[in-house]
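To start, the structure itself, in structure tokens.
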Amino acid sequence: MKTKIFILLFLILSFNAYSQWLVQSPYPQANDVYDIAIIDPNTVIGTSNWMCTVFKTTNGGANWTVFDVENNREFKILAFPNSLTGYAVGGAMTNKPLKTTNGGVNWFPLNSANDTTKWAIGFYDVNTGWIAGVYGFIMKTTDGGNTWVSQTNPAVTNKTLKGIYPIDADNVVIAGSSKTIVRTTDGGNNWISVNAPFVSGTDELRYVTFLNANTGILCGARQRIARTTNGGVS
Numbered sequence: 018m019k020t021k022i023f024i025l026l027f028l029i030l031s032f033n034a035y036s037q038w039l040v041q042s043p044y045p046q047a048n049d050v051y052d053i054a055i056i057d058p059n060t061v062i063g064t065s066n067w068m069c070t071v072f073k074t075t076n077g078g079a080n081w082t083v084f085d086v087e088n089n090r091e092f093k094i095l096a097f098p099n100s101l102t103g104y105a106v107g108g109a110m111t112n113k114p115l116k117t118t119n120g121g122v123n124w125f126p127l128n129s130a131n132d133t134t135k136w137a138i139g140f141y142d143v144n145t146g147w148i149a150g151v152y153g154f155i156m157k158t159t160d161g162g163n164t165w166v167s168q169t170n171p172a173v174t175n176k177t178l179k180g181i182y183p184i185d186a187d188n189v190v191i192a193g194s195s196k197t198i199v200r201t202t203d204g205g206n207n208w209i210s211v212n213a214p215f216v217s218g219t220d221e222l223r224y225v226t227f228l229n230a231n232t233g234i235l236c237g238a239r240q241r242i243a244r245t246t247n248g249g250v251s
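According to this note's numbering, the sequence shown is numbered sequentially starting from 18.
The structure is reproduced here in structure tokens:
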């Protein structure tokens, strides 16, 4: 899974080393960009905030190809464990997770046995991943999305979960509404609540990513950015 936030922070901190940002023109599509997956320095796949649009570059942004997704599937959040296999969830408009096996050109729905709105997705490898969303539901697959097992924890059943990052197949961190942070060290069989004193009781945490097993960053409402150096314990 690509560490998007670390890449963005690196670019910001390296600003003085470059004369300017380069606008990717012509724009790949006319709608707002919702999420991107950085596969390598040349390959980037993105989604718009409107239905049926996925766009991709394989030459560092010089050219973009737009794919219209079948069946009016809306894309929001992406997870690409490798260059060909990717997964996506669509927020309120698409209740089924989606999968591609050809680098985002074609997508097909997966049966998650749960039609609840999905806002978060994270995959450690092509087979092992998690999805989450409203009412605190958490589900896991170990066969590339063919089957899913519920791992919902009572501590988050009234929360909306917005960010997932699998550090490895056992250690996963999830963040969400009302300063929710939970983590697992056994692949999701048990979840541990993590205190978040840096946000108020109603603030939402939306994105989480890790550079390595210990160092991670999460972001949320009110410009909150927090760092962990112990694998999400604190």
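Glycine included, each C-beta is placed from N, C-alpha and C at the ideal position. Quick caveat: nothing in here was measured; it's all calculated off a predicted structure.
- Look at Y141 here: in three-state DSSP terms it is coil, with no helix or strand label.
- For V173, the secondary structure class from DSSP, reduced to helix, strand or coil, is helix.
- For P183, the enclosing beta strand (DSSP E) stretches over residues 178–183.
- For a cut-off of 8 Å, the C-beta gap from I138 to I181 is around 6 Å, short enough to register as a contact.
- Non-local C-beta neighbours of I94 in its own chain, meaning closer than 6 Å and more than five positions away in sequence, comprise D52, V106, I138, ordered along the chain.
- The beta carbons of G193 and K176 sit about 5 Å from each other, so the pair counts as a contact at 8 Å.
- When N80, T64, V83 are compared, the shortest CA-CA separation from Y104 is found for T64.
- When the five nearest sequence neighbours on each side are left out, the beta carbons in the same chain lying within less than 8 Å of the beta carbon of G205 are those of W147, I155, K157, Q168, V189, in order along the chain.
- Going by DSSP, A213 is part of no beta strand (DSSP E) at all; its letter is neither H nor E.
- One Cα belongs to T118, the other to G249, and the distance between them is close to 31 Å.
- Judged by DSSP secondary structure, W147 falls within the beta strand (DSSP E) whose first and last residues are 146–150.
- In the three-state reduction of the DSSP assignment, G237 falls in the strand class.
- In this structure, I55 lies away from K73, with their beta-carbon atoms at least 7 Å apart.
- DSSP, reduced to helix, strand and coil, places G153 within a helical segment of the structure shown.
- In the three-state scheme derived from DSSP, where H, G and I count as helix and E and B as strand, T82 is classed as strand.
- Nearest Cα to V211 within the set L235, D142, L228: L235.
- The beta carbon of E221 sits closer than 6 Å to the beta carbons of S194, G237, A238 from its chain, once the five residues preceding and following it are set aside; these are given in chain order.
- In the DSSP assignment, S65 is bridged to V50.
- Nearest C-alpha to F140 among V50, F97, T70: F97.
- Shown here for S251: same chain residues with a beta carbon closer than 8 Å to its own, the five before and five after excluded, namely V211, N212, T245 in chain order.
- Distance from the CA of A186 to the CA of V225, rounded to the nearest whole angstrom, comes to 16 Å.
- Residues V143 of the same chain have their beta carbon placed closer than 7 Å to that of N99, with the five preceding and five following residues left out of the count.
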